[in-house]
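The next block holds one structure in the form of structure tokens; read it before the comments.
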Amino acid sequence: MDVRFTVGEFAKLCGLSKQALIFYDKEGVVKPKFKDPNNGYRYYTADQLEQLDSIMILREMGLSLSEIKEHMKNRSLENSLQMLEAQHLAIHEKIEELQLIERRIDQKAESLQIFCTQDKSFKLKQFPRQYLAAAPVKPPEGLLEVDIALKKLLKQVKLSGINHSYMMGDIVSMENLKNGEFLKFKYAFCPVEADEGTVPVIEKPAGEYAVLFHFGPYTSTGDTYRKMLSEIEAHGKEIAGDAYEFCVLDSLTSSSPDNYCTYIQIPVK
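Position 3, counted from 1, in the sequence shown is what our numbering calls 994; the numbers after and before it change by one each time, with no gaps.
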């Protein structure tokens, strides 16, 4: 008589939970080979141990259950080689994606570390040119519209595969600055390494900027802007372009908008 195993015994031998084995059975990946005609109990057989080993290897390779099921039905040397080549390519692409995410994490962590050590007072500071993947904000150009623009932009940037950080922000036009319309936005943006032509990119010009951190919800940025405009005038400068708002502390790092922080940069001359 062939050696037979109950579901529990077979699962234990294979290092799986009983529930996982039942799931494989329901999905048609591997089913008990023998059914006792007297009591209806189903049993796995010894030759299925190797079959399940192969299935677990395929799972480790990253194949879905449907892909495993298809492969096990059509096993051959040729099909196995094609499957391995395809999975090697998929894993390579996944590695590249994870490396990109790793760089973004490093950039985000670095920006937070710099924030922790940076002087938070008003300053005049030189910045190099910077590329920003940007999306225009639709009328009435308020907080809701800039948030929608940003969501669409992040999706577009992700699909393009270009390198970007987890930094986000928006632009207030020089005209709106002068008119005191600080919650009316021109663009939503996220910094990118270069203009690769796959998404709309604008250049943040190199030059001198007035900078100040705004602490609190976005709705109160007007207080910080008014302070900055006063300081700019006191330093004998004038606005030379649009304002750039970089989100430093947001919902990723803070549970309340009261603890948000926005780094505002206004070009001056």
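Idealized CB from N, CA, C, for every residue including glycine. All values reported here derive from a predicted model rather than from experimental measurement.
{"Check": "So, with DSSP's three-state summary, where would you put residue 1205?", "Outcome": "strand"}
{"Check": "Going by alpha carbons, who is nearest to residue 1044 out of 1147, 1070, 1006 and 1067?", "Outcome": "1006"}
{"Check": "For residue 1089, does the count of other Cβ atoms within 10 angstroms reach 16, so buried, or fall short, so exposed?", "Outcome": "exposed"}
{"Check": "Could you check which residue in 1209, 1234, 1201 and 1210 has the C-alpha nearest to that of residue 1225?", "Outcome": "1201"}
{"Check": "Just tell me which of 1137, 1147, 1124 and 1130 has its CA closest to the CA of residue 1193.", "Outcome": "1124"}
{"Check": "Using the DSSP secondary-structure output, state which residues sit across from residue 1155 in a beta bridge.", "Outcome": "1183"}
{"Check": "Take the Cβ of residue 1140 as the centre, count every other Cβ of all protein chains shown within 10 Å, and call the residue buried at 16 or more, exposed below.", "Outcome": "buried"}
{"Check": "Would you grab the beta carbon distance between residue 1056 and residue 1113 for me? Rounded to a whole angstrom, and I think it's under 8 Å.", "Outcome": "The Cβ separation is near 59 Å, so there is no contact."}
{"Check": "Which same chain residues end up closer than 6 Å to residue 1183 when comparing Cβ atoms and leaving out the 5 residues on each side of it in sequence?", "Outcome": "1122, 1124, 1153 and 1155"}
{"Check": "Terminal residues of the continuous alpha helix (DSSP H) containing residue 1015?", "Outcome": "1009 to 1017"}
{"Check": "Quick one: grab the DSSP three-state call for residue 1120.", "Outcome": "coil"}
{"Check": "Taking residue 1178 and residue 1127 to be in contact with their CB atoms under 8 Å, please state how far apart those CB atoms are, rounded to whole angstroms.", "Outcome": "6 Å"}
{"Check": "Residue 1035: buried (16+ other C-beta within 10 angstroms of its C-beta) or exposed?", "Outcome": "buried"}
{"Check": "Using the Cβ count rule (16 or more neighbours within 10 Å means buried), how would you classify residue 1205?", "Outcome": "buried"}
{"Check": "According to DSSP, is residue 1248 part of a helix, a strand, or is it coil?", "Outcome": "helix"}
{"Check": "Would residue 1159 and residue 1180 qualify as a contact pair, given that the criterion is a beta-carbon distance under 9 Å?", "Outcome": "yes"}
{"Check": "Excluding the 5 residues flanking residue 1029 on each side, which residues of the same chain have their C-beta closer than 8 Å to its C-beta?", "Outcome": "none"}
{"Check": "What is the rounded straight-line gap between the Cα of residue 1049 and the Cα of residue 1212?", "Outcome": "54 Å"}
{"Check": "Could you name the residues of the same chain whose beta carbon sits closer than 8 Å to that of residue 1133, not counting the 5 residues immediately before and after it, in chain order?", "Outcome": "1174, 1175 and 1176"}
{"Check": "Could you tell me the alpha carbon to alpha carbon distance between residue 1075 and residue 1150, rounded to whole angstroms?", "Outcome": "26 Å"}
{"Check": "What is the rounded straight-line gap between the Cα of residue 1046 and the Cα of residue 1062?", "Outcome": "10 Å"}
{"Check": "Which full runs of the alpha helix (DSSP H) of 4+ residues lie inside the segment 1039 to 1085, going along the chain?", "Outcome": "1039 to 1052 and 1056 to 1064"}
{"Check": "Following the continuous beta strand (DSSP E) through residue 1172, name the residue where it begins and the one where it ends.", "Outcome": "Where residue 1172 is concerned, there is no enclosing beta strand (DSSP E), given that its DSSP letter is neither H nor E."}
{"Check": "Please name the residue in 1167, 999 and 1243 whose C-alpha comes closest to that of residue 1234.", "Outcome": "1167"}
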